[in-house]
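Heads up: the structure comes next, in structure tokens.
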Amino acid sequence: MNTAVREAVTVLSWELSTPCPAKAKLNSQVIAMPQKLDPNKETRILEAADELFAHYGFGKTTIEEIAGAAEIAKGTIYLYFKNKKQILVRLVMRTLLDAQHGAAEELSGESEPDRRIRSAIERKALDLFRFTQRYPDALEILAMLRKEEIREQGGETYFGRHAELLREAFEAGTRDGLYRIGDVNALVYHVCFVTQAFDPPYKGISSEDELRGHIGAYVDMLLAAIQSKEAIL
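So the sequence shown is residues 1 to 233, counted in UniProt numbering.
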């Protein structure tokens, strides 16, 4: 190796080994650039988790097992989800949003406000109940979730749409002269708050029929109140 080449190699080696603020900044910018994620991989992760959680339980399923079932590297999962709990939350919200979409299509052809109200309240509660029946050991995790965690994973869309279904039914009944409601928005808030009693964790409710009975009793009282001669709220 001649002297010129040797010097060039020495300089290059020094540059590569010496910290450079500008280079470090550029590297950090490259690392910080958002990566384009493959929605198909996210779907594979969720489908794999769905099967494993249902078969082995949430607690006994590991990230490694989910990665293996989804046929991706373990590290790839962390590009889509921070941890196993976030996978569960996304799975919950995906299941609920799919069910809600189906319910909304059914209700679009329903003209009676009474049935629309009853269906909206009942479907939400039963969808949650069925999910906890499929993943019983996930119930404790769901009960401890912060509102922010749920909202970030689709909860804002889900609960917003649920409120809108109720609002549309209340407004339709009021226009038709069936209901006497002073403030529709206040009533929607009230119903959404009260019906959280039908959400997990459950106390004294062991079957879907039992839950359906409690929901029916509440909706009967609600309809009787808004059909009374005096406006409520």
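In this text, a Cβ means the ideal position worked out from N, Cα and C, and glycines have one as well. Values in this document were obtained by computation on a predicted structure and should not be read as measured data.
{"Query": "Residue 236 - containing alpha helix (DSSP H), residue span", "Result": "Since the first residue shown for the chain is 1 and the last is 233, residue 236 is missing from the structure and cannot be characterised."}
{"Query": "Inter-residue spacing [alpha-carbon to alpha-carbon] between E140 and R44", "Result": "25 Å"}
{"Query": "Distance CB(residue 235)-CB(G68) smaller than 8 Å", "Result": "In this structure the chain extends from 1 to 233, so residue 235 is not present and cannot be described."}
{"Query": "Validate contact between the region 171 to 191 and the region 85 to 96 using beta carbons, cut 8 Å, 3 pairs", "Result": "no"}
{"Query": "Contact check, A99 vs R115, beta carbons under 8 Å", "Result": "no"}
{"Query": "Residues near D127 in its chain [Cβ-Cβ closer than 6 Å; skip 5 each side]", "Result": "L96, A99"}
{"Query": "CA-to-CA distance, G216 to E65, given in whole angstroms", "Result": "42 Å"}
{"Query": "Alpha-carbon to alpha-carbon, G173 and E230", "Result": "15 Å"}
{"Query": "Identity of the residue in F193, R175, D176 nearest F159 by Cα", "Result": "F193"}
{"Query": "I45 - DSSP class collapsed to helix/strand/coil", "Result": "helix"}
{"Query": "Under the three-state DSSP convention, the category Q227 falls into", "Result": "coil"}
{"Query": "Cβ pair K41, T76 closer than 8 Å", "Result": "yes"}
{"Query": "L211 and A125 closer than 8 Å at C-beta", "Result": "yes"}
{"Query": "Spatially closest choice to E171 from Q196, D209, E156, Q227, by CA coordinates", "Result": "Q227"}
{"Query": "P200 - DSSP class collapsed to helix/strand/coil", "Result": "coil"}
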